[in-house]
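Novice:
Chains as they are written, first to last, in our numbering: chain B, 1 to 113; chain F, 114 to 229.
As structure tokens, this is what we get:
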């Protein structure tokens with residue numbers, strides 16, 4: 001069935017360093033890839049997304065890259081800050097039909113001050 | 114402001130009882146809503162797609178007789194956990210596709226269910 005793998009499961013970085021989280025999806029028909037940040041007990045918040053017609057998208061300190069051929073996409077956070085500490089989830093979706101999301105397993109990011 | 118609300122935010126119930134969770138789209142009508150379950154330190158698992166005017170579509174492995182979904186109106190979907198057991202204790206989150214760009218979803222604040 002459809003599957004999204006996410007690595008690493010935990011990531012600790014020093015404040016100011018960069019963090020990279022990688023996801024691989026199995027459904028070749030997926031064409032929409034959002035990234036969510038979730039703090040403990042809260043709802044997931046969309047931080048950036050990318051559609052399959054582009055290879056990269058950037059929003060200030062956050063960027064996402066997509067390799068459709070290899071079926072993987074990555075989240076890049078530069079100049080990390082303690083408030084970036086949270087759990088990050090990637091997801092893959094077909095932007096048609098049911099529009100349902102398949103989520104990755106999550107990455108717990110800890111930014112050390 | 115919030116686009117999607119859920120009620121209640123927390124509920125504790127005894128084993129064997131039923132619990133109803135509401136998901137409301139506040140800003141626009143939604144013919145489709147999604148229900149997820151999230152166990153501690155785990156990912157969001159899609160349980161079912163709630164469809165206005167028709168039956169819900171359940172994901173493989175989700176018992177439709179245990180998790181009853183009713184898309185009561187274009188702004189309200191309810192999830193009823195019937196005959197709840199401690200293993201049903203979880204964080205239940207709904208989401209609503211964005212109007213006009215349905216591939217984007219707005220998530221509700223979640224409902225923490227504890228079954229004793």
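Built from N, CA and C at the ideal position, the CB exists for glycine as well.
Give the range of the beta strand (DSSP E) segment to which residue 45 of chain B is assigned.
Specialist: Position 45 of the first chain, counted from the first residue, corresponds to residue 45 of chain B. Segment 45-51, the beta strand (DSSP E) holding residue 45 of chain B.
Novice: Under 8 Å Cβ-Cβ, which residues of chain F neighbour residue 95 of chain B?
Specialist: In the first chain, counting from the first residue as 1, residue 95 of chain B sits at position 95. Simply 215, 216.
Novice: Determine the chain A residues that contact residue 157 of chain F at a beta-carbon separation under 9 Å, and present them in chain order.
Specialist: The displayed structure is made up of protein chains B and F, and chain A is not among them.
Novice: List, from N- to C-terminal side, the beta strand (DSSP E) runs of 3 residues or more that fit wholly inside the region 22-82 of chain B.
Specialist: Whole beta strand (DSSP E) segments, 3+ residues: 32-38, 45-51, 56-59, 62-67, 72-77.
Novice: Assess, as a yes-or-no matter, whether the region 5-16 of chain B is touched by the region 178-186 of chain F under the definition of 3 or more beta carbon pairs within less than 8 Å.
Specialist: No, they do not touch.
Novice: With H, G and I counted as helix, E and B as strand and the rest as coil, what does DSSP make of residue 153 of chain F?
Specialist: As a first step, residue 153 of chain F must be located in the second chain, where it is residue number 40. Coil.
Novice: Touching or not, the region 72-86 of chain B and the region 12-22 of chain B, by the rule of three or more beta carbon pairs under 8 Å?
Specialist: With the cut-off at 8 Å, the region 72-86 of chain B and the region 12-22 of chain B touch.
Novice: In angstroms, rounded to a whole number, what distance separates the CA positions of residue 37 of chain B and residue 167 of chain F?
Specialist: Numbered from 1 along the first chain, position 37 holds the residue referred to as residue 37 of chain B. Numbered from 1 along the second chain, position 54 holds the residue referred to as residue 167 of chain F. Answer to the nearest angstrom: the Cα atoms are 32 Å apart.
Novice: Excluding the 5 residues flanking residue 106 of chain B on each side, which residues of the same chain have their C-beta closer than 6 Å to its C-beta?
Specialist: One-based indexing of the first chain puts residue 106 of chain B at position 106. Answer for residue 106 of chain B: 87, 89, listed in chain order.
Novice: In this structure, does DSSP put residue 199 of chain F in helix, strand or coil?
Specialist: Taking the second chain and counting its residues from 1, one reaches residue 199 of chain F at position 86. Residue state, collapsed to three classes: helix.
Novice: Short of 6 Å in beta carbon distance, which residues of its chain neighbour residue 39 of chain B, apart from the five on each side in sequence? Order them along the chain.
Specialist: For the purposes of this step, residue 39 of chain B is taken as residue 39 along the first chain, with counting starting at 1. These residues qualify, in order along the chain: 86.
Novice: Tell me, to the nearest whole angstrom, how far the beta carbon of residue 210 of chain F is from that of residue 99 of chain B; I am working on the premise that it is less than 8 Å.
Specialist: Against the second chain, residue 210 of chain F aligns to sequence position 97. Against the first chain, residue 99 of chain B aligns to sequence position 99. Indeed, because the Cβ distance is near 6 Å, the residues count as touching under 8 Å.
Novice: Drop a sphere of 10 angstroms on the beta-carbon of residue 132 of chain F, count the other beta-carbons inside from all chains shown, and report buried for 16 or more, exposed for fewer.
Specialist: Within the second chain, the letter at position 19 stands for residue 132 of chain F. Label assigned to residue 132 of chain F: buried.
Novice: Counting along the chain, where does the beta strand (DSSP E) carrying residue 101 of chain B start and finish?
Specialist: For the purposes of this step, residue 101 of chain B is taken as residue 101 along the first chain, with counting starting at 1. Its beta strand (DSSP E) spans residues 101-103.
Novice: Within 10 Å of its beta-carbon, does residue 103 of chain B have 16 or more other beta-carbons around it, so buried, or fewer, so exposed?
Specialist: As a position in the first chain, residue 103 of chain B is number 103, starting the count at 1. It is buried - the Cβ of residue 103 of chain B has at least 16 other Cβ atoms within 10 Å.
Novice: So what does residue 133 of chain F bridge to, in DSSP terms?
Specialist: The count along the second chain starts at 1 and reaches residue 133 of chain F at position 20. According to DSSP, which records beta bridges pairwise, residue 133 of chain F is partnered with F:193.
Novice: Got a sec? Which residues, its chain only, sit under 8 Å from residue 216 of chain F by beta carbon, not counting five neighbours each side?
Specialist: Reading the second chain from its first residue, position 103 is the one you call residue 216 of chain F. Excluding sequence neighbours, residue 216 of chain F sits near 210.
Novice: When the Cα of residue 52 of chain B is compared with those of B:45, B:68, B:64, B:58, which residue comes out closest?
Specialist: Mapped onto the first chain, residue 52 of chain B falls at position 52. Looking at the Cα atoms, B:68 is the closest of the given residues.
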